[in-house]
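Colleague: First residue of the sequence shown: 1, per full-length UniProt numbering; consecutive thereafter.
We treat Cβ as the ideally placed atom computed from N, Cα and C, and that holds for glycine.
Remember, it's a predicted structure, so these values are computed and weren't measured experimentally.
This is the structure I have questions about; it appears just below.
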Amino acid sequence: MWAVDLRGHGSSPHPGTYSFELMRDDVLAFLDTHAIGPCVMIGHSMGGLTALLLAELDPSRLTHLILEDVAAPRLNVLHREPLDPPDEPTPFDFAAVNPLFAQLSNPDPAWWEHTRTLPTPTLVIGGGTPSTIPQTLLADMVAQMPHATLTTIEAGHDVHATHPTEFLTAVTTFLKSSL
């Protein structure tokens with residue numbers, strides 16, 4: 001198992017240039033560098049969108065895709081106002097925030113369209129009513145994905161952190177049922 005920090009997060013480089021396509025390409029390079037064949041990929045929030053874009057670009061790299069409270073890339077749904085830099089240090093490069101928010105506010109329409117033909121078995125875990133992600137957006141995305149299932153855990157945006165047992169049960173059940 002690998003846990004990858006996306007560019008600008010954790011121990012990864014902070015190059016100052018950020019986009020979902022660059023993060024997707026970083027993850028692909030990581031898979032190549034470590035000779036990781038088809039795998040199960042789990043992505044949370046922006047990491048979920050990064051994983052989705054990877055699956056759309058090269059579905060042969062994944063056996064299964066698990067998206068936790070993902071910022072689904074539908075036009076005119078998510079609107080994130082630019083933020084002023086905080087006074088205190090953050091555990092990520094704050095320079096990443098506004099460019100990524102801009103992409104979430106105005107995503108490439110192809111990102112949404114490509115979900116219609118995604119061949120990868122996919123589990124989408126929504127955080128329910130306490131989440132910052134509109135759950136109807138997740139339901140709409142799953143409805144058009146040919147091999148997707150939606151599970152809702154009333155946990156808010158960080159399902160894996162606040163409800164780890166329920167999260168693990170959902171993931172394990174999904175993987176066992178689709179292997």
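Specify the secondary structure class of residue 1 as computed by DSSP and reduced to three states.
Modeller: Looking at residue 1 - three-state DSSP - the assignment turns out to be coil, as it is neither helix nor strand.
Colleague: Starting from residue 47, trace the alpha helix (DSSP H) in both directions and tell me its first and last residue.
Modeller: Per DSSP, residue 47 belongs to the alpha helix (DSSP H) from 46 to 57.
Colleague: Here's a check: name, in chain order, each residue in its chain whose Cβ is nearer than 7 Å to the Cβ of residue 156, leaving out the five neighbours to either side.
Modeller: Excluding residues within five positions, the ones whose Cβ falls inside 7 Å are 127, 130, 131, 162.
Colleague: Going along the chain, which residues of its own chain have a beta-carbon closer than 8 Å to the beta-carbon of residue 71, five neighbours each way excluded?
Modeller: Result list for residue 71: 45, 46, 48, 49, 78, 104, 133, in chain order.
Colleague: Tell me the start and end of each unbroken beta strand (DSSP E) in the segment 93 to 139 that is at least 3 residues and wholly inside, in chain order.
Modeller: As far as the segment 93 to 139 is concerned, its whole beta strand (DSSP E) runs of at least 3 residues are 122 to 126.
Colleague: In chain order, what residues of the same chain lie with their CB nearer than 7 Å to the CB of residue 27, ignoring the 5 residues before and after it?
Modeller: Excluding positions up to five away in sequence, the list reads 4, 50, 54.
Colleague: Taking the continuous beta strand (DSSP E) assigned at residue 65, which residues delimit it?
Modeller: Run containing residue 65: 62 to 68, per the beta strand (DSSP E) assignment.
Colleague: Taking 7 Å as the limit between beta carbons, can you name the residues of its chain near residue 98, skipping five residues before and five after?
Modeller: Excluding residues within five positions, the ones whose Cβ falls inside 7 Å are 82, 83.
Colleague: Once you ignore the five residues that flank residue 13 on each side, which residues in its own chain have a CB closer than 8 Å to its CB?
Modeller: If we look at residue 13 and ignore the five residues flanking it on each side, its Cβ neighbours are 7.
Colleague: Would you kindly work out how many angstroms separate the C-alpha atoms of residue 15 and residue 90, rounded to a whole number?
Modeller: If you take the alpha carbons of residue 15 and residue 90, they lie about 16 Å apart.
Colleague: What residues in its chain sit with their C-beta under 6 Å from that of residue 33, if we drop five residues either side in the sequence?
Modeller: Excluding sequence neighbours, residue 33 sits near nothing in its chain.
Colleague: How big is the Cα-Cα spacing for residue 170 and residue 94?
Modeller: Approximately 32 Å, taken between the alpha carbons.
Colleague: Taking 8 Å as the limit between beta carbons, can you name the residues of its chain near residue 225, skipping five residues before and five after?
Modeller: As displayed, the chain neither begins before 1 nor continues past 179, which places residue 225 out of reach and without an answer.
Colleague: Starting from residue 168, trace the alpha helix (DSSP H) both ways and give me its first and last residue.
Modeller: Per DSSP, residue 168 belongs to the alpha helix (DSSP H) from 164 to 177.
Colleague: Reducing DSSP to helix, strand and coil, say where residue 155 ends up.
Modeller: Correct three-state label for residue 155: coil.
Colleague: Based on the DSSP secondary-structure assignment, which residues constitute the bridge partners of residue 148?
Modeller: Answer by DSSP bridge pairing, in chain order: 122.
Colleague: Contact defined as beta carbons within less than 8 Å: I believe residue 144 pairs with residue 115. What is the distance between those atoms, to the nearest angstrom?
Modeller: Contact holds; Cβ gap of about 6 Å.
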